[in-house]
Amino acid sequence: MITEGLSSCTDAPLIAPLAEEQLDAASRIFRTAFGTWLGAPDPERFFADRNYVHGRWRSPHVVALGATLDGKLVGSNFITRWGSVGFFGPLTVAPEIQDRGIAKALLTATTAQFETWGTRCAGLFTFAESAKHVSLYQKFGFLPRFLTVISVAQVPPKASAAFQCFGALGMEARSATLVAARAIMQSLYPGLDLSAEIAAVTLLGLGDTVLVEDEEGLAGFAVCHHGPDSEAGENTCLIKFGAVRCDEHATQNFRRLLDACFFYASYVGTTTLMAGVNTARREAHAAMIARGFQPALHGVAMHRPDDPGYSRPGLFVLDDWR
Ligand SMILES: CC(C)(COP(=O)(O)OP(=O)(O)OC[C@H]1O[C@@H](n2cnc3c(N)ncnc32)[C@H](O)[C@@H]1OP(=O)(O)O)[C@@H](O)C(=O)NCCC(=O)NCCS
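Counted the way my numbering counts, the sequence shown spans residues 2 to 323.
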């Protein structure tokens with residue numbers, strides 16, 4: 002048991018960058034914390050088909066923090082920087098030592114990291130129904146806004162679409178694609194920039210970024226995860242972030258982006274396509290329902306400050322802040 006050998010649970014934890022040799026312990030805490038909270042029959046095996054810890058730790062745009070008591074890891078948090086936007090999670094504390102201020106200590110360091118980065122819109126996704134979770138984050142200035150729906154759809158066996166993958170491009174074409182993707186992101190929210198996320202997903206072998214074009218150039222992109230070392234889960238392709246250019250072709254391009262994601266999901270041998278959409282993005286949410294996506298999980302997006310960020314009507318954006 003994790004509390005064994007801890008001199009006093011009322012001591013303040015030490016918060017520091019998570020070390021590589023702590024990653025397995027962090028994964029164990031991640032599984033048991035969520036597994037226990039959600040009442041899984043075997044918390045040690047909860048979400049065993051996906052990995053939120055190693056990939057984020059290896060990504061240069063993510064800061065990973067560990068909380069230790071008497072040299073034992075008792076919790077961790079991962080803070081992701083998407084340019085002017087940042088989000089954190091998964092935040093987890095070992096079940097045996099919850100409600101003793103460990104998360105609050107991690108959150109103090111997390112908000113300091115956002116301040117260091119100059120993050121303009123910081124956020125998180127959490128259990129909307131949990132008074133504990135929502136109250137905890139409110140103490141740090143995050144306010145509940147709209148629900149985010151994580152939805153799933155079956156991948157048709159014979160999906161087909163025209164698209165390219167970032168990982169198949171040469172270095173020059175990759176640079177040009179990142180410039181075009183940044184222009185799309187800039188039109189959604191000033192300073193939003195997932196260049197590092199796009200590069201990391203390909204480099205770390207977590208998936209790839211699906212690209213769709215129209216006569217004006219890059220029309221949209223979707224950063225997709227799949228495989229056991231990714232965040233997607235068995236037989237699943239997860240769209241971690243997807244967006245199309247904000248113009249009069251957005252509705253049609255969003256449909257084309259989803260077509261491309263279905264095709265990519267079938268190409269990599271998965272049977273389920275999963276994506277999150279914040280319900281403030283009214284048209285994108287409606288388009289997902291029209292496309293047959295079924296809700297798998299509802300959570301609330303909390304923002305600091307209380308600003309819509311890129312979750313506004315008219316924006317065709319998919320994201321998963323879990
Ligand atoms: C959520 C989690 C990270 C919190 O960690 P923790 O170390 O227990 O949290 P802390 O002890 O630092 O803070 C909890 C705060 O919530 C408050 N709280 C607890 N239950 C509450 C309730 N029902 N209503 C309102 N506030 C509540 C506590 O009083 C405390 O605040 P206070 O000390 O100012 O009074 C932990 O429970 C966990 O790992 N859960 C499973 C995984 C998870 O859900 N992660 C977060 C996903 S978004």
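C-beta atoms are modelled at their ideal positions from N, C-alpha and C, and glycine is treated no differently.
Comparing the C-beta of residue i with each C-beta of chain B, is any distance below 7 Å?
i: Cys122; result: Absent here is chain B; the protein component of the structure consists of one chain.
Since residue i and residue j should fall inside the 8 Å C-beta cutoff, what is the C-beta to C-beta distance between them, to a whole number of angstroms?
i: Val150; j: Gly277; result: 7 Å
i: Ala297; j: Val153; result: 5 Å
i: Leu66; j: Ala110; result: 5 Å
i: Gly87; j: Ala123; result: 5 Å
i: Ser188; j: Cys247; result: 5 Å
i: Thr280; j: Leu108; result: Actually they do not touch by this definition, with Cβ atoms about 25 Å apart.
i: Val75; j: Pro14; result: 6 Å
i: Gly228; j: Gly243; result: About 18 Å; that fails the 8 Å criterion.
i: Arg121; j: Ser85; result: 4 Å
i: Asp215; j: His250; result: 6 Å
i: Cys225; j: Tyr265; result: 6 Å
Per DSSP, residue i forms a beta bridge with which residues?
i: Glu249; result: In DSSP, Glu249 forms no bridge with anything.
i: Cys238; result: Leu274
i: Ala223; result: Val211 and Gly243
i: His299; result: Val150
i: Ile165; result: According to the sequence shown, residue 165 is Gln rather than Ile. Note: Gln165 sits in a beta bridge opposite Leu212.
i: Cys122; result: Val86
i: Asn78; result: Leu66
i: Asn254; result: Beta-bridge pairing links Asn254 to no other residue.
i: Arg29; result: In DSSP, Arg29 forms no bridge with anything.
i: Pro18; result: Leu66
i: Leu319; result: Gly243
i: Val94; result: Gly76
i: Thr127; result: Val301
i: Pro309; result: Paired residue(s): none; Pro309 is not in a bridge.
i: Gln155; result: Thr273
i: Pro61; result: Bridge partners of Pro61: none, in fact.
i: Leu193; result: Gly84
i: Leu204; result: BP columns for Leu204 are empty, so no partner.
i: Asn279; result: Thr149
i: Leu144; result: His304
Got a sec: does ligand 1 put a non-hydrogen atom nearer than 6 Å to the Cβ of residue i?
i: Asp320; result: no
i: Gln23; result: no
i: Trp38; result: yes
i: Thr117; result: no
i: Ala208; result: Note that residue 208 is Gly in the sequence shown, not Ala. No, since every heavy atom of ligand 1 falls outside the 6 Å radius drawn around the Cβ of Gly208.
i: Ser326; result: As shown, the chain starts at 2 and ends at 323. That puts residue 326 outside it, with no answer to give.
i: Gln187; result: no
i: Asp230; result: no
i: Thr33; result: no
i: Val54; result: no
i: Thr93; result: yes
i: Gly102; result: yes
i: Lys105; result: yes
i: Lys73; result: no
i: Thr69; result: no
i: Gln139; result: no
i: Ala132; result: yes
i: Thr127; result: yes
i: Gln253; result: no
i: Gln99; result: yes
Apply the 10 Å Cβ neighbour rule to residue i and answer buried if 16 or more other Cβ atoms are within range, or exposed otherwise.
i: Ile290; result: exposed
i: Phe198; result: The residue you asked about is not Phe; residue 198 is Glu in the sequence shown. That one is buried.
i: Gln253; result: exposed
i: Thr127; result: buried
i: Gly171; result: exposed
i: Asp100; result: exposed
i: Val180; result: exposed
i: Gln155; result: exposed
i: Glu116; result: exposed
i: Asn52; result: buried
i: Gln23; result: buried
i: Asn78; result: buried
i: Ser8; result: For Ser8, the predicted structure reports a pLDDT of 40, less than 50, and the residue's modelled location is therefore unreliable. A value from the coordinates is still provided. Ser8 is exposed by the Cβ-count criterion.
i: Glu232; result: buried
Given 6 Å as the limit, tell me if residue i has its C-beta closer than that to any heavy atom belonging to ligand 3.
i: Pro18; result: The ligand content of the structure shown is limited to ligand 1, which means ligand 3 is not among them.
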